[in-house]
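2 protein chains.
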Amino acid sequence: MLAAERKNLILEKLQDEKKVVVSELSVLFGVSEETIRRDLDKLDKEGLAVKGYGGAVLNENNNLDMPFHVRKKKNMEGKQKIAELIAELIGDGDHIIVDPSTTAVSIMKALRHKKRLTVITNSIEVLVELTDVSGWDIISSGGTLRENYLALVGPRAIESISSFNADKLILSCKGIDLKKGITDANEMFSQVKQAMMRSAAQKILAVDCTKFNQVAFSRICEIPEIDMVVTDVKPSAEWLSYFAEHKIPCLYGRQEK
Amino acid sequence: MLAAERKNLILEKLQDEKKVVVSELSVLFGVSEETIRRDLDKLDKEGLAVKGYGGAVLNENNNLDMPFHVRKKKNMEGKQKIAELIAELIGDGDHIIVDPSTTAVSIMKALRHKKRLTVITNSIEVLVELTDVSGWDIISSGGTLRENYLALVGPRAIESISSFNADKLILSCKGIDLKKGITDANEMFSQVKQAMMRSAAQKILAVDCTKFNQVAFSRICEIPEIDMVVTDVKPSAEWLSYFAEHKIPCLYGRQEK
DNA sequence: GGTTTTTGCGTTCAGCCGCCAGCATCCTGC
DNA sequence: GCAGGATGCTGGCGGCTGAACGCAAAAACC
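In order, the protein sequence lines correspond to chains A and B. The first sequence begins at 472 in our numbering and counts up one residue at a time. The second sequence begins at 472 in our numbering and counts up one residue at a time.
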């Protein structure tokens, strides 16, 4: 029995049972309790466990803030809430188009238990997220990789998306404004998104609260072209009356403003 | 027993059993423990294992730490060597087609300093690797995501690849055999690779030494259809004479057999 | 044949583990 | 609420085994 191996096994047990007891581990591995305590010390120092009296408990906190996805943390609960709402709108066997956004990735996580979905996307992150689901049809548009984005754009992307007819589009954007409509960071993206809108029967806009009253460079479409809006927090009265007036259903999570 | 071969076997054992013990490996391979330690050292440096007292345990961590599970595989120096050799064959401004493989990812790293390359690929990993290079044209074939692979396949992938005419193809495979030719794991992949061959003027096979005399399920092509072979270690006399006979240049790294 | 790489040997060094003593913490009974 | 016993923690010590290092021999490469 290797020291490192024992440490891994303790960690596994910890993850299964959320806690471990020094005395149990001692007899389980046939080593002294001091040794176990030293192992737990290390796990504690590595931030994987929290040592207490008589044993240790799992440090759950650590699973979420992985070193890399720092930027994705921005308004994670909001995106999570949106994802849950969207998941209720999608049925087994649906054909959906998804654009590139961190919200879209959250939505994919929330859709994992659905069956026989067909997903069409130009987002590399969405593809990566979906590599290990089974029974789905996952289609990547072709296209040119946009520098510093994990997204495919250009005429080839537009052309390939245009050849599909999907049930639903999950659309994201950089800004939504009463006067300027729905806008995105650049023309490449907005052109692809326009193609997506032409290829989907129902267009669902998934935006978190930070996008309201923002204007970005390139217009995707006017607001009434959207069939439904899903967001995390209740929009202002102004927005709600606008949506009501244009008969656009608007779903949102709990908390006010 | 080749050093690299031994290292690969250790890695396999490591992946099977999650841990290896220095003393065991020493008697298993009939080499001294220091030699084993040096091997484990390399595996540790490559991030594949974590060396500890008395042995090493598998490093599962790297599946999670990257934004996407870019799993590194065995024989990293071999792939590195191949990548360096390939880099010398590629000129600024070239149009190249790249298929999905870990070797291809290594090659992309080695090509980073080139200018104005056009890369056409169906590999998601290659796309991710290239998101932050500037001045290149990076084109993704469309297609269906193959479950558990980060690769696009199917008629759409084939169709879009067929619409290009590239200078060079960097081809990988699962097996190369004198009788059975060049083979890959499944039909989906080999069909796409055949399309790639039709779309490229020069076909360069990039394979590490472990692929020689291996036969996989689905044939990609006969060996003479390849224009050049690049590998990490000097192939056997049998292979060298075969290549000479068919006038296929063969580049390789240092060590014997 | 000269050079580079790989391997093995022997010495020195460092990490792992168990034991023990002293201290901190928890628990029970009153 | 508190006292005293029980249990667990900390730190030091020593034995042991594996690790690191330098050097030299051998193999392989050009």
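Note that CB positions come from ideal geometry on N, CA and C, so glycine has one too. These numbers come from a predicted model, not from an experiment.
- The secondary-structure analysis by DSSP pairs residue 591/B across a beta bridge with 568/B, 610/B.
- Residue 504/A and residue 497/A have their C-alpha atoms roughly 5 Å apart.
- The Cβ atoms of residue 526/A and residue 491/A sit closer than 8 Å to each other.
- When Cβ-Cβ separations below 8 Å define contact, residue 574/A makes no contact with chain B.
- Within the DSSP bridge table, the entry for residue 683/B names 647/B as partners.
- Contact annotation: the stretch 596-613 of chain A does not touch the stretch 639-648 of chain A, with fewer than three C-beta pairs closer than 8 Å.
- Here residue 602/A carries a coil assignment [DSSP, helix/strand/coil].
- Residue 580/B sits exposed, since fewer than 16 C-beta atoms from the chains shown fall within 10 Å of its C-beta.
- Assigned with DSSP and collapsed to three states, residue 669/B falls in helix.
- For the stretch 510-523 of chain B, residues whose beta-carbon sits nearer than 7 Å to a beta-carbon of chain A comprise 521, 523.
- Separation of residue 619/B and residue 629/B (C-alpha to C-alpha, rounded to the nearest whole angstrom) is 20 Å.
- Distance from the CA atom of residue 514/B to the CA atom of residue 521/B, rounded to whole angstroms, is 8 Å.
- For residue 530/B, no chain A residue has a Cβ inside 8 Å of its Cβ, as the nearest lies near 10 Å away.
- Residue nearest to residue 547/A within the set 643/A, 574/A, 560/A is 574/A (criterion: CA-CA distance).
- Three or more beta-carbon pairs separated by less than 8 Å are not found between the stretch 701-716 of chain A and the stretch 655-669 of chain A, which leaves the two stretches without contact.
- DSSP, reduced to helix, strand and coil, places residue 472/A outside both helices and strands of the structure shown, so it counts as coil.
- Taken in chain order, the members of the stretch 475-500 of chain A whose beta-carbon sits within less than 7 Å of a beta-carbon on chain B are 475, 476, 479.
- Taken through DSSP and simplified to helix, strand or coil, residue 525/A comes out as coil.
- Around the Cβ of residue 566/A, a 10 Å sphere holds 16 or more other Cβ atoms; the residue is buried.
- The beta-bridge partner set that DSSP reports for residue 631/A is empty.
- Here the alpha carbons of residue 677/A and residue 641/A stand approximately 6 Å from one another.
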